[in-house]
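Following: one structure in structure tokens, then a few remarks.
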Amino acid sequence: MPTYEHDLIAVVEQSPAAAGRHDRAAWIELFTSDARIEDPVGSRPHIGTHQIERFYDTFIGPRDIVFRRNVDIVAGTTVIRDLELDVSLSSSRRMTIPAVLRYDLDLSQQPPRIAALRAYWELPTMMMQFLRLGCAAAPAGATLAGGLLRHQKLTGTLGFVKALRGAGRQGGTVAARFTGQIASGDTRAAEELLHGPITINDKATQRPEELADRLRAATITKVIASGHTVVVSTTSARGPAVLFATITPRQGLIDSVRCYLPSGAG
1 MPTYEHDLIA
11 VVEQSPAAAG
21 RHDRAAWIEL
31 FTSDARIEDP
41 VGSRPHIGTH
51 QIERFYDTFI
61 GPRDIVFRRN
71 VDIVAGTTVI
81 RDLELDVSLS
91 SSRRMTIPAV
101 LRYDLDLSQQ
111 PPRIAALRAY
121 WELPTMMMQF
131 LRLGCAAAPA
141 GATLAGGLLR
151 HQKLTGTLGF
161 VKALRGAGRQ
171 GGTVAARFTG
181 QIASGDTRAA
191 EELLHGPITI
201 NDKATQRPEE
211 LADRLRAATI
221 TKVIASGHTV
231 VVSTTSARGP
241 AVLFATITPR
251 QGLIDSVRCY
261 LPSGAG
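At position 166 of the sequence shown the residue is numbered 166 (UniProt numbering), and the sequence of numbers has no breaks.
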């Protein structure tokens with residue numbers, strides 16, 4: 001991996017490190033003054049230092065979170081991180097949340113800072129996992145609800161639960177089908193699901209064949225529906241890739257696809 005990519009990943013790595021230390025000041029300092037956090041994507045964004053401070057106090061500070069990284073992909077000033085979030089609910093209960101994080105970095109500042117953080121994970125799935133824990137999760141649930149109302153107020157709480165709506169299971173099925181068709185080289189079938197542009201890293205293309213060439217024989221490892229975006233992680237002999245498919249509400253069609261690949265892949 002080139003030094004440039006190592007440097008960007010080092011910036012990103014400071015976020016889970018500060019969260020693990022519960023270092024509020026260090027974590028907030030990682031972001032630009034007008035940074036935007038969408039966590040999860042589909043919920044109301046948190047914009048600017050004041051809202052990011054309240055985001056930390058609501059979601060990061062009160063709990064122990066282990067970031068189990070699988071893959072990092074660097075494209076330009078964007079870092080894509082495929083991982084699992086291991087969240088402690090009590091001394092004996094933990095919850096694992098499959099996720100993909102997108103960091104957009106501002107390199108004009110020294111040190112570089114995070115201009116945007118988008119966390120793709122499924123709020124409905126997390127809530128079902130939470131409910132399956134039964135009474136053991138009740139104290140953690142009460143703490144989360146109290147923190148939401150205290151720091152985000154009613155408007156922010158309603159903004160958080162907006163993430164319950166979105167592409168959902170249907171959108172996940174469509175995006176997975178599209179990815180499978182692309183990986184198998186069936187670009188004609190894939191085009192029937194796609195009604196918009198394809199972007200590979202920072203390069204726009206209208207040719208599904210180019211995407212199929214990059215993802216030939218890829219295997220899907222993760223599908224996440226977050227807001228109106230479905231994220232599909234894949235692996236192949238050529239390495240990992242992460243696709244972001246924007247789904248048209250109700251129609252089940254793909255508006256656009258952005259695929260992130262490691263530099264030199266393909």
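Where is the CB? At the ideal position from N, CA and C, for every residue including glycine.
Neighbourhood of residue i by C-beta, 7 Å cutoff - its chain only, sequence neighbours within 5 removed
i	result
Pro124	Leu164
Ala115	Thr32, Ala35, Asp104, Leu105, Asp106
His22	Gly61
Ile9	Asp72, Val74, Val79
Glu53	Ile28
Helix, strand or coil at residue i according to DSSP, with G and I counted as helix
i	result
Gly239	strand
Thr3	helix
residue 268	With the chain running from 1 to 266 in the structure shown, residue 268 is simply not present.
His46	strand
Asp64	coil
Thr179	helix
Pro208	helix
Glu84	strand
Ser263	coil
Arg118	strand
Leu194	strand
Thr125	helix
Ser33	strand
Leu215	coil
Selection from the options that minimises the alpha carbon distance to residue i
i	options	result
Ser226	Tyr120, Arg93, Gly141	Tyr120
Ala176	Thr246, Ser263, Arg150, Gln152	Thr246
Leu83	Arg24, Pro240, Gln251, Gly252	Pro240
Gln51	Ile9, Val74, His151	His151
Phe67	Phe55, Ile47, Glu13	Glu13
Gly171	His46, Arg81, Val100, His228	His228
Thr3	Gln110, Val74, Ala183, Phe55	Val74
Thr78	Asp202, Gly166, Ala190	Asp202
Arg216	Glu191, Asp186, Arg207, Thr205	Asp186
Ser43	Phe244, Gly166, Glu5, Phe178	Gly166
Arg94	Pro40, Leu131, Leu149	Leu131
Gly252	Glu209, Phe178, Thr205	Phe178
Ala18	Ile47, Pro45, Arg63	Arg63
Within 9 Å, strictly: CB atoms of residue i and residue j
i	j	result
Ile220	Cys259	no
Val230	Val174	yes
Ile97	Met126	yes
Thr49	Ile65	no
Gln257	Leu154	Note that residue 257 is Val in the sequence shown here, rather than Gln. It is not a contact, given that the beta carbons lie outside the stated cut-off.
Arg113	Ile80	no
Leu117	Glu5	no
Gly147	Phe244	no
Ala218	Thr234	yes
Val232	Pro111	no
Ser236	Ala189	no
Val100	Lys222	yes
Other residues of its chain near residue i: CB distance less than 6 Å, five sequence neighbours each side excluded
i	result
Asp255	Gly196, Thr246, Thr248
Glu209	Thr187
Cβ shell of residue i (< 8 Å), same chain only, five flanking positions each side left out
i	result
Tyr56	Arg24, Trp27, Ile28
heavy atom of the ligand MN below 8 Å from residue i C-beta
i	result
Ala167	With respect to the ligand MN, the structure offers nothing, as it holds no ligand at all.
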